[in-house]
Amino acid sequence: MEKMMFFYDEEGDVLDISIGKPKKALSEELGNDIVIRKDEQGNIVGFTILNFEKRAESDKGFKVPIGAEFELSK
0 MEKMMFFYDE EGDVLDISIG KPKKALSEEL GNDIVIRKDE QGNIVGFTIL NFEKRAESDK
60 GFKVPIGAEF ELSK
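All letters in the sequence shown, in the order written, are residues 0 to 73 by numbering that gives the first Met the number 0.
See below:
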């Protein structure tokens with residue numbers, strides 16, 4: 000199981016989440032300032048949320064259209 004890595008660029012207000020170490024990938028915009036990254040096999044290896052702080056401050060919050068499975072690591 001790979002760890003998720005979080006990177007936040009305060010100046011650009013961008014949250015980047017990688018599954019495992021960041022690697023080369025193709026980007027696909029889902030709309031609503033959400034971009035996913037896929038490897039050559041089509042597996043999602045990360046995603047980016049633009050305007051993250053603005054969204055987080057909203058009273059309504061926001062949803063990311065990506066499903067995930069979590070388990071405790073040892």
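Backbone N, C-alpha and C define an ideal beta-carbon position, used for all residues, glycine too.
Buried or exposed (CB count within 10 angstroms, at least 16 for buried), residue i
{"i": "F46", "result": "buried"}
{"i": "L29", "result": "exposed"}
First and last residue of the uninterrupted beta strand (DSSP E) at residue i
{"i": "M37", "result": "Reading the sequence as shown, one finds Lys at residue 37 and not Met. Element bounds for K37: I33 to K37."}
{"i": "E28", "result": "L25 to G30"}
{"i": "V13", "result": "V13 to I18"}
Residue i - containing alpha helix (DSSP H), residue span
{"i": "K53", "result": "F51 to E56"}
Closest Cα partner of residue i within the set the options
{"i": "M4", "options": "S17, G30 and E10", "result": "S17"}
{"i": "N31", "options": "I48, L25 and V13", "result": "I48"}
{"i": "G41", "options": "A55, S26 and F51", "result": "S26"}
{"i": "Y7", "options": "P64, E56, G66 and E52", "result": "E52"}
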